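Q: Each residue of the first sequence is one higher than the one before, starting from 4 at the first, in the numbering used here.
Heads up, the beta-carbon is just placed ideally off N, CA and C, and yes, glycines get one too.
Computed from a predicted model, the values in this text were never measured in an experiment.
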Amino acid sequence: MKENSNDFVKEIPKKSENISEWYTSVILKGELADYSPVRGCMVIRPYGYSIWETIQKFLNKSFAETGHKNAYFPLFIPESFLKKEAEHVEGFAPQVAVVTKGGNEVLTEPLVVRPTSESIICSMYSKWIRSYRDLPVLINQWCNVVRWEKSTRLFLRSTEFLWQEGHTAHRTAQEAEEETLQMLKIYSDFAEKVLAVPVLCGKKTEGEKFAGAVHTYTIEALMPDGQALQSGTSHNLGDHFAKAFDIKFLDSDNVEKHVWQTSWGISTRIMGAIIMTHGDDRGLAFPPLIAPTQIVIVPIFYGDKDVVLDKAHEIKRELAQKFRVEIDDRDGYKPGWKFNEWEMKGVPLRIEIGPKDLEKNQVTVASRVGAGKQQVALDNLSGTIEKMLEDIQSDFYKRARDYRDSHIFDAANADEIKKHMEEDRKGFYKTLWCGSEECADKVADETKTTPRCIDMDETGSGKCVCCGKEATKYIYFARAY
RNA sequence: CGGGGCGUAGCGCAGCUUGGUAGCGCACAGUGUUCGGGACGCUGGGGUCGGAGGUUCAAAUCCUCUCGCCCCGACCA
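(1) Restricting to Cα atoms, I'd like to know which of W145, F326, K212, I132 is closest to E259.
(2) Can you tell me where the alpha helix (DSSP H) holding D3 begins and where it ends?
(3) What three-state label does DSSP hand H410 in the structure shown?
(4) Looking at A483: is its Cβ nearer than 8 Å to the Cβ of Q98?
(5) Identify whether G235 lies in helix, strand or coil by the three-state DSSP scheme.
(6) Could you spell out where the alpha helix (DSSP H) holding W151 opens and where it closes?
(7) Where does C125 sit, in a helix, a strand or coil, going by DSSP?
(8) Can you give the beta carbon distance from F191 to I222, rounded, assuming they're within the 8 Å contact cut?
(9) Hey, which unbroken runs of the alpha helix (DSSP H) at 4 residues or more fall wholly within the segment 78-115?
(10) Below 8 Å between beta carbons: does that hold for H423 and A415?
(11) Return helix, strand or coil for E20, following the three-state DSSP convention.
(12) Locate the alpha helix (DSSP H) running through F66, then write down its first and last residues.
(13) Which term fits D307, buried or exposed, when burial requires 16 or more other beta carbons within 10 angstroms of its beta carbon?
(14) In terms of alpha-carbon separation, which member of E178, S270, I293, R285 lies closest to A199?
(15) How big is the Cα-Cα spacing for Q264 and A67?
(16) State the Cα-Cα distance for the pair T434 and I411, rounded to the nearest angstrom.
(17) Please give me, in chain order, every unbroken run of the alpha helix (DSSP H) with length at least 4 that falls completely inside the segment 180-231.
(18) Where do the N-terminal and C-terminal ends of the beta strand (DSSP E) with C456 fall, by residue?
(19) For a test of the three-state rule: what should DSSP assign to P358, helix, strand or coil?
(20) What did DSSP end up calling S120 once you bin it into helix, strand or coil?
(21) Could you name the residues of the same chain whose beta carbon sits closer than 8 Å to that of H71, not counting the 5 residues immediately before and after it, in chain order?
(22) Could you check what DSSP says for Q297 in three-state terms: helix, strand or coil?
(23) Applying the criterion that 16 or more other CB atoms from any shown protein chain within 10 Å of the CB defines a buried residue, is V102 buried or exposed?
(24) Out of E195, K32, I269, D394, point me to the one whose CA is closest to N343's CA.
(25) By how many angstroms is the C-alpha of N257 removed from the C-alpha of K87?
(26) Excluding the 5 residues preceding and the 5 following E36 in the sequence, name in chain order all residues of the same chain whose CB lies nearer than 8 Å to its CB.
(27) Report yes if the CB atom of K251 is closer than 8 Å to the CB atom of H238, and no otherwise.
(28) Classify A483 as helix, strand or coil using the three-state DSSP reduction.
(29) Using the C-alpha atoms, what's the distance from S266 back to G215?
(30) Alpha carbon to alpha carbon, how far is S39 from A96? Give it in angstroms, no decimals.
(31) At which residues does the beta strand (DSSP E) containing F164 begin and terminate?
(32) Could you tell me the distance, in whole angstroms, from the CA atom of D228 to the CA atom of M279?
(33) Go to E441, then tell me how far its alpha helix (DSSP H) extends in each direction, as first and last residue.
(34) Measuring alpha carbon to alpha carbon, tell me which residue in R407, R320, G205 is nearest T462.
(35) Roughly how far, in whole angstroms, is the beta-carbon of W166 from the beta-carbon of T271, given that I think they are within contact range, below 8 Å?
(36) Give the DSSP bridge partners of Y477, in chain order.
What follows is the structure, given as structure tokens:
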């Protein structure tokens, strides 16, 4: 390895040494995003936005399959709307941006820039819903929201961010709960199968739930530094908002009733999870299903340039029918430079084609994960590539899953959690819990972690992590982003 | 919002201690030789040194104020 400063790899901090610097660096150098002139706001560049579009594609499909329709509600919300639900306003008031002036006119009522849209959507639902025959209402919207955060990170926490927020209204509490769980399942499947990001599914404690919800379910991913990242949430809103916004329907028994609601969301934050989970010292690395570019073709040409290029373009056209594929036929960059460039940008599969390959009617293929290259015959190239991408996808998942599984530690009490952390064994701490908020808060306080989620499936028996009383639930603690 | 760090060419930095009118590497442009894992030679373009005041014959450098960004906490998706 040469020691000069054009050694590109050396410009990326080592992931293992300083994940924060590494994270910022790969996003900027990988051209996923850039800082904007406005504090806390980011520009999502085409290479990064493509990931968001793919996320939209997958989620829209799942939403549609479960009967949801997309719609759009306004950016501005009358300030008074936010105040209608007590917990809701308390939760969001410290974070909202408020517009007090339009043009030269001072507004009679200030408008908040939506931090989330429950209030404005509920105000519309109260207008639209009259009968049990109008239910359920199953609407999703893709939009931007603004939360005035004190400190920001690219993708993980920005003042303005993109997300989808589903808002549903149901006839019964049970139906709302089923919807809440259904969406949680859609999120966890999406995270694991598409993004190759393993997640813990669970329920939030009272202290951690959404402001205004009855309860909140979450998917929690584990980042390589042992910190948890809340990657998607699904809220059962009960009839809280229905009462606050007067959303009532006449049921078949001729009794007027409040609807039961849910809301659920995934934001651009999850792109931070993808980046951190899969990237390495060489830069970004994307699982094929989500990769902006799945395949890059690097033609290797000098003498018989035209022949190689023609063939490379022919292959590109063929593969482009099925995959997101780019061809790097730039002059003036040596092949080795291009290899490193595309590896840094996280492209899962690279196809090299040069004169030697042409002679043998083959291409040379290299995977972003795993070492070495292999020769692949041009006959049925598309089929072979498809299989390889599937394997790479599952390799990504397995690698992340192994890491996550080996970073869930059993702990009997706060001291054990502290001990683990001192030994630099950071991750999820799985503990038995009596169910009291005080106990969860106390452990969180003492260990500088937060309760991430309550296990929904597994139960045990033993002593509570805090008070020592009989406990059957498992709760996970971790430091969190 | 506390604690720390940093703003000099597109990027990464040096110069600041001890003031003398801006430099290096990469990138970029032209050109020739190269080309299957980050090539090289030659030539060239590019800066109101974050901003505003002040001190001085003279400020990137010293002083004051200010703006911004990053990291670590506290708050949050």
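A: Reading it off the structure:
(1) When each option's Cα is compared against that of E259, the closest is I132.
(2) As shown, the chain starts at 4 and ends at 484. That puts residue 3 outside it, with no answer to give.
(3) coil
(4) no
(5) strand
(6) First-last for W151: undefined, no H or E at that position.
(7) helix
(8) Going by the sequence as given, residue 191 is Ser instead of Phe. Going by Cβ atoms, the distance from S191 to I222 rounds to 5 Å, so yes, they are a contact pair.
(9) 82-85, 89-95
(10) no
(11) In the structure shown, E20 falls within a coil segment according to DSSP collapsed to helix, strand and coil.
(12) 49-68
(13) exposed
(14) I293
(15) 19 Å
(16) 10 Å
(17) none
(18) 453-466
(19) helix
(20) coil
(21) L141, I142, N143, G169, T171
(22) coil
(23) exposed
(24) The candidate whose alpha carbon is nearest that of N343 is K32.
(25) 27 Å
(26) First, the residue type needs correcting, since residue 36 is Ala and not Glu in the sequence shown. Counting only Cβ-Cβ distances below 8 Å, and skipping sequence neighbours, we find I30, M45, V46, I47, R48, G51, L157, F158.
(27) no
(28) strand
(29) Cα to Cα, the separation comes out at about 11 Å.
(30) Taking the straight line from one Cα to the other gives about 25 Å.
(31) Segment 163-173, the beta strand (DSSP E) holding F164.
(32) 9 Å
(33) 440-450
(34) A check of alpha carbon separations from T462 across R407, R320, G205 identifies G205 as the nearest.
(35) 7 Å
(36) L435
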